[in-house]
Each structure stands twice: as structure tokens, then as C-alpha cells.
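Right, one structure below, let's go through it.
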Amino acid sequence: MNHQKIRADLVDYGNKLFFNSAGASLVPRSVTEKIIEYLHREERLGGYTVAEQQATELDQFYTQAAELIGCEKHNIAFAHSASSAFMQAISSIPLYAKDVIVTSEVDYTSNFLQFLSLHKKRGVITKIIRSLPNGDLDLDHFQQLINQYPVKLVAVTHIPTNSGMVQDVAKVGEICANENLIFLLDSCQSIGQMDVNLKNIKCDFLTATGRKFLRGPRGTGFLYVSDRILNQGYAPLLLDGGNATWTGNDTYQLADTAERFGSWEKPYAMVAGLTEALRYLNDIGIQNIEKQNGKIMRRLRNNLAAIPSVTCYDLGTETSNILTFRKNGKTQEEINRIFSKHQVYYGISQKHQGQIDFGNKGIAWVVRLSPHYFNTLKEMDRIAEIIETI
Ligand SMILES: Cc1ncc(COP(=O)(O)O)c(C=O)c1O
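According to this note's numbering, the sequence shown is numbered sequentially starting from 487.
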């Protein structure tokens with residue numbers, strides 16, 4: 487990994503300490519350039535002509551996303567966000583009163599809101615896999631839920647928004663495959679920071695967003711859809727002209743590819759930007775990124791473990807590049823004052839972003855630090871020094 491080049495690709499980084507890739511990361515310079523170049527073309531020629539002229543380049547979006555997660559390009563659909571991808575996927579599954587969705591305690595807010603809405607509107611029930619005392623998924627309990635209830639969907643988040651733990655979704659996928667259950671994986675926080683590969687994780691749907699660890703533009707994401715879902719004719723509840731063709735007064739034909747779950751209209755300049763972000767990441771290599779991320783994160787976790795007044799809240803056997811902590815008695819305002827003074831970019835996760843997990847931990851918020859491979863070991867030391875002064 488050419489760290490010098492990677493740093494040079496950050497625009498006006500200066501003295502800031504950017505620790506918010508789990509929120510919205512910094513895009514490499516070339517991503518912005520692609521977007522602006524595309525917009526200038528549209529300005530001169532109009533969007534339809536440019537999309538035709540750039541068809542080969544735009545098609546690279548599918549190739550690059552497929553390369554990253556180890557699938558074919560026909561399994562990828564563009565999405566405006568991870569949540570919209572999730573909604574398209576979930577809407578394709580016939581869910582009625584008393585049908586059961588199984589999820590985990592740390593699943594994402596918007597996922598839970600969808601489950602609750604399905605309960606309110608249709609009587610669909612959500613069952614939650616218990617966590618073990620160390621935070622890992624209780625897979626025996628998962629099996630019990632499957633044995634006991636009419637499970638129609640398993641939806642589990644790989645890495646939650648409000649803690650750095652990594653859930654064992656490979657095991658979940660294995661169990662789902664054995665039980666012939668549909669598995670929807672939320673990889674929003676894992677994609678781009680670690681190797682998320684369908685050769686190791688069996689799932690039917692995978693949702694991703696562009697702006698976080700993939701370092702793409704806001705308003706972008708993608709959805710992976712397995713061949714078995716496509717071949718069985720699953721489709722979103724409501725369709726548009728990108729999902730299907732209107733073949734006669736009363737008939738339509740679904741698109742063959744995962745774009746059946748996409749949308750006809752797309753922000754093509756942003757698609758070009760996301761394609762560049764994916765290409766940038768694939769060129770570095772996700773395994774190299776994961777390795778570098780492990781290195782900086784070990785340093786950060788060790789540094790914070792050495793400060794007695796700091797409590798870290800990341801449970802689980804495996805942790806990621808999200809670190810959550812609080813400092814004894816310090817308020818969000820006190821932390822913000824010091825972090826702002828030192829130009830630290832960070833996040834705060836609030837209880838409404840993880841009711842169950844925060845409830846279990848008995849707290850209402852945590853500070854979230856999420857460095858990425860462009861950060862340095864020196865920055866891991868500097869942030870710890872700053873946290874000591876809070
Ligand atoms: C774990 C997880 N899933 C899903 C999402 C939703 O992503 P988006 O805002 O792109 O819909 C987020 C966003 O923070 C997230 O952290």
C-alpha cells in the first residue's frame with residue numbers, strides 16, 4: 487500500500503484528525519474529479535446523451551462492485567442508500583400476519599423501523615437472537631427460533647452503527663443455507679473496511695452504502711441479489727421501468743438482473759463517483775486495507791485501554807474499525823469542545839440508533855471513532871493524547 491499517495495489523494499487534509507469513516511468518509515480526490523467531469527458533460531450535452539456516451543464506463547460500476555464482494559455483475563443493483571436497498575429487498579418477500587423475521591439485538595435503526603412498520607401494518611412478528619454475555623450472537627438460540635417459528639426472513643447486520651463488534655454472519659449464512667431461509671445481510675459498516683466476500687458469507691441479499699468505508703459520494707449504495715432469488719422471480723413490491731418492461735396492457739416482464747431491485751432513474755454523476763471509489767479501493771486491494779486497518783486499530787485500542795478514565799463499549803470476539811467509548815463523567819459538550827479545538831472529526835451514537843444495545847449497556851450515548859486505512863499510527867497516538875486532556 488502506497489500510503490504517501492493515499493495521503494496525497496486527500497484534499498486539504500491539513501492538521502485535522504479524521505475519525506468518522508463510519509459516518510461519511512473522505513473521498514479520494516479522483517472521486518470528486520469524476521463527478522465534476524460528468525456533471526460538466528451533462529451541462530453541455532444533457533443527461534441522456536451523456537449516459538449513452540458513457541455507457542461502458544457506467545457499466546464498470548457493476549464490474550467493480552462485483553469484484554469487491556466476489557459475485558457476477560448481474561447480481562448488483564445501484565441503490566440510493568443502504569436503507570433503500572434494504573427496503574427493496576424486504577418488500578420482495580411475501581410477509582403476512584404471524585410470519586417471523588429473525589434479527590439481532592444490534593441491527594440498524596432503519597431496519598428495526600421497517601420490522602416495526604411491518605408489524606403495525608401487517609402483523610409480521612420480529613424475533614431477536616439473544617446475545618451471549620461477551621456480545622457474540624447466541625447461535626443456539628438462533629437455531630431454537632428457527633425450530634420454533636415460521637421464519638420467513640433472517641436479517642442481520644454485520645457491524646452495527648453504534649459499536650465496533652463484528653457479528654459472525656458467515657455462521658448465520660451457513661445456518662440459513664442449511665435451513666433454506668432467506669438471509670438479508672446489512673454490510674453497510676463492514677464493506678470497504680474489511681474483506682466482505684460472498685465466497686465466505688452465504689447470503690441472498692447484501693446491502694451497502696457508498697459514503698462510509700467505501701469512500702464514495704453521498705446518495706449512493708448498492709444491493710447484491712443472489713441468483714436463487716433472481717431465478718425464483720422475487721421482485722420488489724412496487725416496480726418502475728428499470729425493474730421491469732411493460733409488455734402489454736395487463737402484463738410486464740421482470741428484468742433479468744439485480745437491477746430488478748434498482749431504479750430507472752439514477753444520479754449518474756454519483757454512479758461515476760462511486761465507480762471511481764470502488765476502483766480506487768480495488769486497486770489498493772481490500773485485503774491490504776483490512777490489514778492496515780487492523781494495525782491502526784490495535785494501536786488505538788491499546789492507547790485508550792491505557793487511560794483509566796476511558797471505558798470502551800465494543801463487545802464481541804471480533805472487533806472492527808469502529809471504536810466506541812466514554813470518559814468518566816464527561817458530557818458530550820465537554821468532549822465536543824476539546825475535539826473541536828483539535829480539529830477531530832468524530833461521531834456520537836445516541837440511544838435511538840440502537841435501543842436494545844444501549845439498553846443492555848445502560849447508557850444513552852457513546853463517542854464513536856472510526857479511522858480508516860488513510861489514517862496513520864501517529865494519529866492514533868495523537869488522538870489518545872487529546873482524549874487524556876478531556
Ligand atoms: C449498520 C448500518 N446499516 C445501515 C445504515 C443505513 O445506511 P444509509 O444511511 O445509507 O441508508 C447505516 C447507516 O449509518 C448503518 O450504520
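Yeah, the Cβ is synthetic: ideal placement off N, Cα and C, and Gly gets one too.
Can you look up Ala850 in the DSSP assignment and give me helix, strand or coil?
coil
Count the C-beta pairs between the stretch 792-799 and the stretch 691-701 that are closer than 8 angstroms, then say yes if the count reaches three, no if not.
no
How about the stretch 739-746 and the stretch 713-720: do they share at least three Cβ pairs that are nearer than 8 angstroms?
yes
Just the residues with CB closer than 6 angstroms to a heavy atom of ligand 2, in chain order, which are they?
Ligand 2 is not part of this structure, which contains only ligand 1.
Specify the secondary structure class of Asn666 as computed by DSSP and reduced to three states.
coil
In the DSSP output, what is Ser590 paired with across the bridge?
Ile615
Distance, Asn666 Cα to Ile579 Cα
14 angstroms
Beta strand (DSSP E) containing Ile952: first to last residue?
Nothing can be reported for residue 952: it is not among the residues displayed for the chain, which extend from 487 to 876.
Any idea if Val497 is buried or exposed, counting beta-carbon neighbours within 10 angstroms, 16 or more meaning buried?
exposed
Going by the CB atoms, is the gap between Thr589 and Ala641 shorter than 7 angstroms?
yes
Please name the residue, chosen from Phe628, Tyr635, His526 and Val586, that lies closest to Thr612 on a Cα-to-Cα basis.
Val586
What do you get for Ala573, buried or exposed, if any count of 16 or more other CB atoms within 10 angstroms of its CB means buried?
Position check: residue 573 holds Met in this sequence, whereas Ala was assumed. It is buried - the Cβ of Met573 has at least 16 other Cβ atoms within 10 Å.
Check for me: the alpha helix (DSSP H) holding Ser596 runs from which residue to which?
Thr595 to Arg608
Where the alpha helix (DSSP H) through Tyr548 begins and ends
Ala541 to Ile555
Length of the line joining the Cα atoms of Gly659 and Ala494:
39 angstroms
Write down every uninterrupted run of the beta strand (DSSP E) in the stretch 672-702 whose length is 3 residues or greater and which is fully enclosed by it, in chain order.
691-695
Can you find at least 3 beta carbon pairs, one from the stretch 626-644 and one from the stretch 661-681, that sit closer than 8 angstroms?
yes
Less than 7 angstroms between the C-beta atoms of Thr647 and Ala571, yes or no?
no
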